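Numbering-wise (the numbering used here), the sequence shown opens with residue 1407 and increments by one. Beta carbons: idealized from backbone N, C-alpha and C, even for Gly. Given the structure is predicted, the values throughout are model-derived calculations rather than measurements.
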Amino acid sequence: MWRWAIVIFFSLIGLGLLVMIGLVMGGYWLEVRQSGGESAAGPSGRKNGEVAGWDEFDYNGVRYRYVWREIAEPAKLRLYPNFEAKAQTAGLAERRQCSLLVNGGFYDEAGQPLGWWYSEGEELGKVSQSQLLDGFVTMTYDGEVEIGRRRPNDLTKRRWGLQTGPLFISDGQPRKLTIKNDGAARRVVMGVTESQKVIFGVMVGEKSLTSGPKLADLPEIVMLLAEASNATISAAVNLDGGSASAFLDEGLTISELTPIGSYFCYRPNN
């Protein structure tokens, strides 16, 4: 009898190893956890303004923290410049009464936007032929947010728009990214779901707010997090990250280390 028990015991161990090897060979290893450490189904889809902390996920053996915010009313999302003022985000959020403030795209050493930037009829940057900044985010006056590879020709119906990148999910499919000198850094992303909701996300290291996943890993990570939360991402793009990034709402504050060039402001009560 005891011999059969030993056989069954080692068979179960072998099965567990096969499952683990299969997951790793499949190209990823991801486990989503709530901040309390218990296993979770994924991003919680909390309403804006609800106080909440970090969730966690493991990817290829490394643990990260993340926050995932869903904008149910994109028409109340605005894009503002901060290229010249270089104001701190805490003051901007208070002055604009932002329930959620997230940094925008990139800027150069002179403090000017890298690529196209447009808001409320004012164009501050021209289209750049950059291979990295290959994404265009726009919103119509009706609140329809689009993320694509080209700037719209007709801007009369657009309230705001910017060029950023890379675009890493397009037409619901992840894009393979080849990034030179890729490294671990704080990442801020923006996506649009099939139901026309906007998602903002920020990902950092387990113990550091300045660390985070590699840029080339974002397509797979965001697709897996979206799947875990039963969301279908149509398109997603990378925003400015690292030291020139910020993510503020009523439940969490991630401040910039250097000024942000522009920012999204969500005001659900206005």
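- Hey, out of 1639, 1642, 1669, whose CA is closest to residue 1653's CA? Counting from one through the sequence shown, the residue named residue 1653 turns up at place 247. Taking only the C-alpha atoms, the option nearest residue 1653 is 1669.
- Item | Segments assigned alpha helix (DSSP H), at least 4 residues, entirely inside the region 1464-1504 | Correct list: 1495-1502.
- Task: Between the Cα of residue 1576 and those of 1567, 1508, 1555, spot the shortest distance and give me the residue it belongs to.
- Result: On the sequence shown, position 170 is the one that residue 1576 refers to. Nearest option by C-alpha distance: 1555.
- Reduced DSSP secondary structure (H/G/I, E/B, other) of residue 1552: In the sequence shown, counting from the first residue as 1, residue 1552 sits at position 146. Residue 1552 falls in the strand class under three-state DSSP.
- Query: Going by the beta-carbon positions, is the gap between residue 1605 and residue 1639 smaller than 9 Å?
  - Reply: Taking the first residue of the sequence shown as 1, we reach residue 1605 at position 199. Taking the first residue of the sequence shown as 1, we reach residue 1639 at position 233. Cβ distance < 9 Å, so residue 1605 and residue 1639 count as in contact.
- Anyone know if the C-beta pair for residue 1570 and residue 1644 falls short of 9 Å? Locating residue 1570 in the sequence shown gives position 164, where the first residue counts as 1. Locating residue 1644 in the sequence shown gives position 238, where the first residue counts as 1. Their beta carbons are under 9 Å apart, which means residue 1570 touches residue 1644 by this criterion.
- Message: Between residue 1505 and residue 1655, how many whole angstroms is the CB-CB distance? I'm expecting something under 8 Å.
- Response: On the sequence shown, residue 1505 is found 99 positions in, with the first residue counted as 1. On the sequence shown, residue 1655 is found 249 positions in, with the first residue counted as 1. At roughly 6 Å, the Cβ-Cβ gap stays under 8 Å, so residue 1505 and residue 1655 are in contact.
- Is the beta carbon of residue 1510 sitting closer than 9 Å to the one on residue 1646? The residue labelled residue 1510 in the question sits at position 104 within the sequence shown. The residue labelled residue 1646 in the question sits at position 240 within the sequence shown. Contact: yes.
- Anticipated Cβ contact below 8 Å, residue 1596 with residue 1637, distance rounded: For the purposes of this step, residue 1596 is identified with residue 190 of the sequence shown, where counting begins at 1. For the purposes of this step, residue 1637 is identified with residue 231 of the sequence shown, where counting begins at 1. No, residue 1596 and residue 1637 are not in contact; Cβ-Cβ is about 14 Å, not under 8 Å.
- Query: Would residue 1585 pass as a contact of residue 1622 if the rule is Cβ separation under 9 Å?
  - Reply: Here residue 1585 corresponds to residue number 179 of the sequence shown, with the count starting at 1. Here residue 1622 corresponds to residue number 216 of the sequence shown, with the count starting at 1. In contact: residue 1585 and residue 1622 (Cβ atoms closer than 9 Å).
- Count the other C-beta atoms from every protein chain shown that fall within 10 angstroms of the C-beta of residue 1498, then say buried if there are 16 or more, exposed otherwise. In the sequence shown, residue 1498 corresponds to position 92, counting from 1. Within 10 angstroms of the beta-carbon of residue 1498 lie 16 or more other beta-carbons, which makes it buried.
- Message: Restricting to Cα atoms, I'd like to know which of 1624, 1527, 1615, 1549 is closest to residue 1572.
- Response: Indexing the sequence shown from 1 puts residue 1572 at position 166. Comparing alpha carbon positions, the residue from 1624, 1527, 1615, 1549 closest to residue 1572 is 1624.
- Item | Where residue 1661 sits in the DSSP three-state scheme | As a first step, residue 1661 must be located in the sequence shown, where it is residue number 255. Under the three-state reduction of DSSP output, residue 1661 falls in the coil class, being neither helix nor strand.
- Message: I'd like to know whether the C-beta atoms of residue 1460 and residue 1475 end up nearer to each other than 9 Å.
- Response: On the sequence shown, residue 1460 is found 54 positions in, with the first residue counted as 1. On the sequence shown, residue 1475 is found 69 positions in, with the first residue counted as 1. No. Outside cutoff.
- Task: To the nearest angstrom, report how far apart residue 1483 and residue 1628 are at their CA atoms.
- Result: Here residue 1483 refers to the residue found at position 77 when the sequence shown is read from its first residue. Here residue 1628 refers to the residue found at position 222 when the sequence shown is read from its first residue. Distance from the CA atom of residue 1483 to the CA atom of residue 1628, rounded to whole angstroms, is 22 Å.
- Message: In the DSSP output, what is residue 1669 paired with across the bridge?
- Response: Here residue 1669 corresponds to residue number 263 of the sequence shown, with the count starting at 1. Per DSSP, 1486, 1509.
- Query: In or out: residue 1662 buried (at least 16 other Cβ within 10 Å) or exposed?
  - Reply: Here residue 1662 refers to the residue found at position 256 of the sequence shown. When all chains shown are included, residue 1662 counts as buried.
- Where residue 1621 falls: helix, strand or coil (DSSP): By one-based count along the sequence shown, residue 1621 stands at place 215. Reduced to three states, the DSSP call for residue 1621 is helix.
- Message: Comparing C-alpha positions only, which one of 1600, 1620, 1579, 1560 sits nearest to residue 1589?
- Response: For this step, residue 1589 is matched to residue 183 along the sequence shown. Measuring from the Cα of residue 1589, the nearest candidate turns out to be 1620.
- Query: According to the neighbour-count rule (16 or more other Cβ atoms, all chains shown, within 10 Å of its Cβ), is residue 1467 buried or exposed?
  - Reply: Translated into the one-based positions of the sequence shown, residue 1467 becomes position 61. Looking at its Cβ environment, which holds fewer than 16 other Cβ atoms inside 10 Å, residue 1467 is exposed.
- Message: Is the beta carbon of residue 1486 closer than 9 Å to that of residue 1502?
- Response: Taking the first residue of the sequence shown as 1, we reach residue 1502 at position 96. Taking the first residue of the sequence shown as 1, we reach residue 1486 at position 80. Against a cut-off of 9 Å, the Cβ pair of residue 1486 and residue 1502 comes out as a contact.
- Using the C-alpha atoms, what's the distance from residue 1537 back to residue 1428? In the sequence shown, the residue the question calls residue 1428 occupies position 22. In the sequence shown, the residue the question calls residue 1537 occupies position 131. Because residue 1428 carries a pLDDT of 38, less than 50, the predicted location of this residue cannot be relied on, and the following value inherits that uncertainty. C-alpha separation (whole angstroms): 35 Å.
- Message: Using 8 Å for Cβ pairs, my map puts residue 1615 next to residue 1581. What's the rounded Cβ distance?
- Response: For this step, residue 1615 is matched to residue 209 along the sequence shown. For this step, residue 1581 is matched to residue 175 along the sequence shown. Taking 8 Å as the upper bound for CB-CB distance, residue 1615 and residue 1581 are not in contact here, some 27 Å apart.
- Message: So that I know if they touch, is there some Cβ in chain D lying closer than 9 Å to that of residue 1482?
- Response: Here chain D cannot be found, since the structure has a single protein chain.
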